[in-house]
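Engineer: Numbering (my numbering), first residue to last: 18 to 386.
We put the CB at the ideal spot given by N, CA and C, even for glycine.
Here you go, one structure.
Below is the structure:
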């Protein structure tokens, strides 16, 4: 088992990564659960695959599990479902020292974590992520949120979990598209500040997507360790360090908004294309070579992720996409910082990017053949 500490001041916890750990969730969670029952929140897809396993695991250590099963998909990160979760938790007489279980992908983790942060002025929760994206990114670091009409993740809170259990075997039940979407967040850790890891991705990404267990475990452990280091240095994104984790997200969130936060473009797919756009815009600005930018695009495209805007068949122009960015939660005094690159593994926060230039660049990308 890989055990990675997340050294948050006042709220440290561990991420435990091992094949089969979900089947032993009860054993790992038992020290955190004070009662003989636990509240579990999941979605229909995850429940169909893992409810029985988790129920039996908790029962094996004398814990009865009560379940709330929600619809799957990004649309579940909503006001209505947040209210449903909170009402259910209160009906179940949740207490502030309880640990609620979030069993699922990023949607369930974000929604459950946010509900836990506000019900009874803050309850504990445990993340058991079942997607690659959640295992390498969203389950670690304490960002929780829901989406609104104005944009993605605009209402939320920083609320750290008490424990994260990541089981690579859970990925074997996922459609390849979902694994690919999560892989985008793996590549991100190479592009941020570790060119050697990006090279590892180029050499091993296809194996990981094909189901190679060793490659998956290595990628998860490396990604979690990288994120833990960054989050420990800047938990609430006030020092500019944690902002590096948003590489590709400003472009990606705009694309998600334009496609209605739907299955048409998964979050990880938006991030993948967003990283390509960040690299190409960086090259356009003379910050990195065009050769490096196209190297990023080539790897993203080779593994089956979107690497060009025309592939999305959007009915909009660059200005419309740029306007979506005005709702980005990173806006500061009317200025939107962008994550750009001076090279592979050399991401930095640019605070002087002109949205008019972004709009013009996006028009060029939309016309790319």
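Residue 59: which of 112, 317, 119 and 175 sits nearest, CA to CA?
Structural biologist: 119
Engineer: Report yes or no: do three or more beta-carbon pairs, one from the segment 326-346 and one from the segment 271-282, lie closer than 8 Å?
Structural biologist: yes
Engineer: What runs of the alpha helix (DSSP H), each 4 residues or longer, lie entirely inside the segment 206-252?
Structural biologist: 212-227 and 230-250
Engineer: For residue 48, count neighbouring Cβ atoms within 10 angstroms of its own Cβ and tell me buried if that reaches 16, exposed if not.
Structural biologist: exposed
Engineer: On the CB-based measure, 16 or more other CB atoms within 10 Å of its CB, does residue 69 come out buried or exposed?
Structural biologist: exposed
Engineer: Classify residue 83 as buried or exposed, calling it buried when 16 or more other Cβ atoms lie within 10 Å of its own Cβ.
Structural biologist: exposed
Engineer: Go ahead and label residue 279 buried or exposed: buried means 16 or more other beta carbons lie within 10 angstroms of its beta carbon, across all protein chains shown.
Structural biologist: The residue is exposed, with fewer than 16 neighbouring Cβ atoms inside 10 Å.
Engineer: What three-state label does DSSP hand residue 144 in the structure shown?
Structural biologist: Reduced to three states, the DSSP call for residue 144 is strand.
Engineer: Does the distance from the C-beta atom of residue 361 to that of residue 312 stay below 8 Å?
Structural biologist: yes
Engineer: If we require 4 or more residues per run, which alpha helix (DSSP H) segments fall completely within the segment 301-380?
Structural biologist: As far as the segment 301-380 is concerned, its whole alpha helix (DSSP H) runs of at least 4 residues are 307-319 and 335-341.
Engineer: Return the CA-CA distance between residue 347 and residue 130, expressed in angstroms with no decimal places.
Structural biologist: If you take the alpha carbons of residue 347 and residue 130, they lie about 21 Å apart.
Engineer: Would you mind sorting residue 178 into buried or exposed? The rule is 16 or more other CB atoms within 10 Å of its CB.
Structural biologist: buried
Engineer: CB-CB under 7 Å to residue 264, same chain, minus the five flanking residues each way: which ones, in chain order?
Structural biologist: Closer than 7 Å at the Cβ level, and outside the excluded window around residue 264, lie 205, 208, 209, 292, 295, 356 and 364.
Engineer: Could you check what DSSP says for residue 123 in three-state terms: helix, strand or coil?
Structural biologist: helix
Engineer: Can you name the start and end residues of the beta strand (DSSP E) that residue 55 belongs to?
Structural biologist: Element bounds for residue 55: 54-60.
Engineer: Take residue 215 as the anchor and find which of 117, 113, 201 and 136 has the nearest alpha-carbon.
Structural biologist: Nearest option by C-alpha distance: 201.
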